[in-house]
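Going by this note's numbering, the sequence shown opens with residue 1071, and the numbers climb by one from there.
Just so it is clear, CB atoms sit at the ideal spot from N, CA and C, and this is done for glycine as well.
Quick caveat, the model's predicted, so the values are computed rather than measured.
Worksheet: the structure to be examined is printed underneath.
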Amino acid sequence: MRIYLFLLTIFISTTCYCQEKNLIEIRSCFKSIESVNEIKKLISLSENSLDHPVILAYNYTGKLMMLDYSMNPFKKYKIFKTKTKQIDSIVSANQKNTEIRLLRYYLQKNSPYFLKYNSDLSSDLKFIKSHLLEENENLQFYITTLLKQFNNYIL
C-alpha cells in the first residue's frame, strides 16, 4: 500500500511540475506573439494540457487569434461565438483566476465592436487590478507587462 501511495505522490508531483513548466513556456509565447507562426506555437504548446483551465484558456485565445488569418466570414463568426462562450464558461468556473480574466480582457479589448463581445471589459480590468497583488511576483510582473502592452495600465 505504501508503495502505491509513494508512486501516486511522485506522479502527481511530476504532473504539477510539468504543467507549471508548460505554463511558463505558454506565457512567454503569448507575450511575444507577432505572427501566425507564433500563434500556432501557442496553440500547439497548450494542446497537451487541456485539463488545466488556464492552459485551456490560452488554447482558446490562440484559436480566436487565428481568426485574423481566416478568410470565410461565416466560419469566423461561428468559431468566434463558440470559443468566446467557452472562454466565458472557463471564467465562470474560475471566477477568482486573474490570469483567465486577463485573457478574456485581451480578447474583448481586441474584438471588433460590431460583434459586441465587450460586456465584461471594465469589470475584468477592475478585477485584475484589485487582485493583482494577491498573485505571486512572477505572475504580477507578467500581468503588468501585458497590461502595459495593451496600453491600459494605470494602478
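Here Val1124 is buried. Its C-beta has 16 or more other C-beta atoms within 10 Å. Between the C-alpha atoms of Lys1101 and Thr1215 there is a straight-line separation of about 8 Å. Nearest in C-alpha terms to Glu1169, of all of Lys1148, Ile1198, Asn1180, Cys1099, is Ile1198. Beyond the five residues adjoining it in sequence on each side, Ala1127 comes within less than 7 Å, by CB distance, of Ile1157, Ile1160, Ile1170, Leu1173 in the same chain, given in chain order. Put simply, the stretch 1197 to 1213 does not touch the stretch 1146 to 1156. Fewer than three CB pairs are less than 8 Å apart. Closest by C-alpha distance to Asn1167, out of Phe1220, Ser1116, Tyr1130, Glu1205, is Glu1205. Counting only runs that start and end inside the stretch 1081 to 1154, the alpha helix (DSSP H) elements of at least 4 residues fall at 1106 to 1116, 1123 to 1135. Here the alpha carbon of Gly1132 sits roughly 14 Å from the alpha carbon of Lys1151. Lys1186 carries a coil assignment under DSSP once its states are collapsed to helix, strand and coil. Here DSSP, grouped into helix, strand and coil, assigns Glu1204 to helix.
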